[in-house]
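Numbering (full-length UniProt numbering), first residue to last: 1 to 888.
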């Protein structure tokens, strides 16, 4: 738990300082009580030591030299009731005791030590058992500080009177797990961002009181500490506010308290109880002044800082950073400061000004308390939450102080926290409190909130009387005036900056009264509503692909350098991606413009993990920012008007639905009677056709890229790309463009085929892997334009005609098939290409395409004459449009 903790740690013994805890309450009972008021359990940390850990007295100590040359001590130790009787035990002795081997030499006979007996478990799951070593049976262990987790010293064992000079040592044989603070479970809780006051024992104790009704003693009340904070006077260390660049109109600081203690003992140790509490909270002991600031922060919720007074020059100036300024922070990292960083500086402004800390985040190494510091200046201030949060994120310095400041601290606490720190330093470090007190206070008045007495009932549905509402809000700490015309005037407490609206107060009422008291009322579902056409279409598409053997995946829509890896040219519209202002990861700041942008990575990751046969698809939105008009973000003071909403709508990029798929490896596994078959471009195209067929949309296919574009008569053809990179990441010669014919307009709906060698290599896929991407929105738009016409199943026999047409080689087979269908007319049931021939029997530059026609009439049996007529129509149409001829 060492270092900055993500969530508050709650030892019951510490919490009991501020609230009455029922006897027998453990960490689980505490978690159950806190969850009632919205503080969820994150984890329960078990006790650091379990089993017998007792006070022992060394009766004898005999030095022995082992065979390896090491000098060890064989000791007989009195452990009270845990002793072996005289003449018994694993190594019989004339004295009631236990025999223990110890390698340390910093103790002697009659010293009181800590003994862990067999069955004990020390930190790090170190289990103690009797074992034979150095020629003796060691029936336990005499412990050092590091072995018990009480410090880093491992050079010698703990001699209790020397280690705890200010505490009375328990009798020999006493179990001291609790006395050492090692046997306590610690509850870690999850705190929502709006409740920063719960990052302190003060705040958690208050919430426990709300949950259980236990008596709460506010440590933030001046009457609780030994002496009320003295009033500010002119003798304190001078402080100047010089914030000339406030954020959102808020000054970076509105209160700054300093207190001085001089003549302290720089070598004074931190009291053991404080070290134990800091360690329980996940922090390590540094020095007495620093430990005191951390302890006060954890206890009250007020971050503080301790300076070496001798290193400072008056006055302290709180200001924004200047261009080019730097600071070496306490973590010894040099940092370039931003002009929006709020700084703590000393000396007059100008060239002599020195930066001594980033306000609310971290102090500088220059003025830190050192081993020789005798005069200490304590700082306790209230900084603007937004300013601190931005600096912490800008410098990636998420300290314990910034974690509290950015959630909002109590501006009424600085003077009380400083007084508490002064008292502790004088008590444990000696010294004299300087009479000077600085309290630069520029706080504004807390705004009142108007709350209709019926608002809580209106928003929650539970019945609350006005008296109950007032009672619960006063329990939170609010000042509630008697209602006037059915409206309360409520002033939130200083530690709740999140309470700004009437709805916030209603949430507090509901939380404290109990969420389980809010009635559960299910709204009546309106009739006549179901899935939209687009939702049905997407589900049909997913079903078709899943039935075809593909696995649906979901990937994050954030990308980085995917376009370079796919081979997409710099001026391609697919590179016009939306960059996020605050991305989840700095290396993936853009939203994808194609599903394949992320799906190729998913496929490559599977292949890299030895999943050679990959057939995956994803249905997701892509972002097309072209044409969007950026709009300013409106404030939250009132509901934005129609014009503002329209501007926001214009700033939202188009987000069409796409379906993408990647195929690699085997489409069919090898069997006893069959051979394996790898996925090829035809599989990718078939999946596109399956989706379109499932939606009832007739699609046509053409090549996506050719060397030359032949001129054809009749209906226009889609214009093939003239640059192979325009179809990246697909192979330019092995990719098909799928389109829908709407009158004389051709609408592209998909690309399908093989991936380019470059894309396969960049994404770690096998050569000749395949993919497809469908514009679902374009396909769905044709569902309404091409309503499905249900035809009656004909019971009349089928007529068959085979036709072989000789056409130029540059005419796609799909175009020829299209003309064949047009020529065959309404009697066509199916048209299938079954042979392609290029050779001596056709002219050079031509090829023969043979089609099998299946013809059927709905109301009669076709005659030979009718079938021959269809054949003639097909040949004539192909000759007229394509210049084709019938192969002899």
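All residues carry an ideal CB built from backbone N, CA and C; glycine is no exception. Just so we're clear, the structure is a prediction, and the values are computed from it rather than from any experiment.
Buried or exposed by the 16-neighbour rule on C-beta atoms within 10 Å, applied to residue i
i, result
"residue 448", "exposed"
"residue 403", "buried"
"residue 818", "buried"
"residue 479", "exposed"
"residue 865", "exposed"
"residue 23", "exposed"
"residue 652", "exposed"
"residue 734", "buried"
"residue 616", "buried"
"residue 143", "buried"
"residue 75", "buried"
"residue 562", "buried"
"residue 877", "buried"
"residue 228", "exposed"
"residue 800", "exposed"
Residue i versus residue j - alpha carbon distance
i, j, result
"residue 324", "residue 335", "10 Å"
"residue 746", "residue 388", "56 Å"
"residue 249", "residue 635", "14 Å"
"residue 697", "residue 859", "26 Å"
"residue 890", "residue 498", "This structure cannot speak to residue 890, because the chain is shown only from 1 to 888."
"residue 899", "residue 206", "Here the chain has residues from 1 to 888 only, and residue 899 is not among them."
"residue 286", "residue 647", "55 Å"
"residue 510", "residue 520", "14 Å"
"residue 94", "residue 124", "36 Å"
"residue 739", "residue 812", "14 Å"
"residue 84", "residue 333", "57 Å"
Simplified DSSP assignment, three categories, for residue i
i, result
"residue 74", "strand"
"residue 770", "strand"
"residue 423", "helix"
"residue 504", "helix"
"residue 483", "coil"
"residue 134", "coil"
"residue 694", "helix"
"residue 442", "coil"
"residue 884", "coil"
"residue 168", "coil"
"residue 163", "helix"
"residue 569", "coil"
"residue 731", "strand"
"residue 673", "coil"
"residue 405", "helix"
"residue 108", "coil"
"residue 681", "helix"
"residue 873", "helix"
"residue 711", "Residue placement at residue 711 cannot be trusted, given a pLDDT of 35 that sits under 50; what the coordinates show is reported in the next sentence. Residue state, collapsed to three classes: coil."
"residue 819", "helix"
"residue 576", "coil"
"residue 781", "helix"
"residue 12", "helix"
"residue 460", "helix"
The beta strand (DSSP E) enclosing residue i, as first and last residue numbers
i, result
"residue 846", "846-855"
"residue 615", "614-621"
"residue 597", "Run containing residue 597: none in the beta strand (DSSP E); it sits in the alpha helix (DSSP H), 596-608."
"residue 116", "112-116"
"residue 254", "253-262"
"residue 62", "53-65"
Cβ-Cβ distance between residue i and residue j below 8 Å
i, j, result
"residue 73", "residue 61", "yes"
"residue 429", "residue 265", "yes"
"residue 337", "residue 326", "yes"
"residue 590", "residue 579", "yes"
"residue 691", "residue 534", "no"
"residue 239", "residue 438", "yes"
"residue 595", "residue 660", "yes"
The alpha helix (DSSP H) enclosing residue i, as first and last residue numbers
i, result
"residue 539", "533-547"
"residue 207", "201-212"
"residue 467", "466-476"
"residue 291", "288-300"
"residue 657", "Unbroken run through residue 657 is the beta strand (DSSP E), 657-664; no alpha helix (DSSP H)."
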